[in-house]
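Residue numbers (my numbering): 1 to 191. Using N, Cα and C, we set each Cβ at its ideal position, and we do this for glycine too.
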């Protein structure tokens, strides 16, 4: 279980990485108070397999071999990200990235209707002062159905491609309060 402290940002170097709660952004202003999450000691070594998402508030025995999105991103250490998803809470998603990766380029693809709109994501990214974002939409040429993909592709700093196929939207409630699963696979980048 993670502990959260409110501390003065001038102490960040002594404590560790910043994190935030839902619907807020990581602050680069070092004059304010910032939420700090205790960092996991070692990110997991990801293998190509099915994982469950870690449920907040459950005893450790129920979260064995489960990962939060924050832990997954810590292990991948992305230098570029592409997310295809139906629902996206951008401030929460942005807060899950390790600080060293928080300005890496990101592309988000959403549907044409229902779900999260391109305008919502752009507005949230602006509030978070995140400028390295491309937002697009998946057009469906049929009158029925909707873009409901839950796929993320990452390029890691170890020159690997990581693919995540998930049952969860990119929402805090989906990742932390519901039993969800994702399949992870990785491969070396071939030049």
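Counting other Cβ atoms within 10 Å of its Cβ, residue 106 reaches 16 or more and is therefore classed as buried. Among the bridge pairs identified by DSSP, residue 187 is matched with 161.
At a cut-off of 4 residues, the continuous stretches assigned as alpha helix (DSSP H) that sit fully inside the region 100-188 are 118-127 and 172-177. Contact between residue 56 and residue 177 holds: their C-beta atoms lie close to 7 angstroms from each other, under 8 angstroms. Judged by DSSP secondary structure, residue 50 falls within the beta strand (DSSP E) whose first and last residues are 49-53.
With fewer than 16 other Cβ atoms inside 10 Å of its own Cβ, residue 59 counts as exposed. Under the three-state reduction of DSSP output, residue 58 falls in the coil class, being neither helix nor strand.
If the five residues before and after residue 125 are omitted, its C-beta is found closer than 7 angstroms to the C-beta atoms of 90 and 133, all from its own chain and listed in chain order. Residue 45 is not a Cβ neighbour of residue 185, given a cutoff of 8 angstroms. Within the same chain, 51 and 52 come within 8 angstroms of residue 65 by CB-CB distance, once the 5 residues on both sides are set aside. Going by DSSP, residue 84 is part of no alpha helix (DSSP H) but of the beta strand (DSSP E) stretching over 78-84. Counting along the chain, the unbroken alpha helix (DSSP H) around residue 93 starts and ends at 90-96. Ranked by how close their Cα comes to the Cα of residue 122, the residues 109, 152 and 154 have 109 in first place.
Inclusion of residue 149 and residue 85 in the CB contact set at 8 angstroms is warranted, their separation being smaller than that value. The three-state reading of DSSP puts residue 67 in strand, counting E and B together.
DSSP, reduced to helix, strand and coil, places residue 46 outside both helices and strands of the structure shown, so it counts as coil.
Between the beta-carbon of residue 142 and that of residue 160 there is about 35 angstroms, and that puts the pair past the 8 angstroms contact cut.
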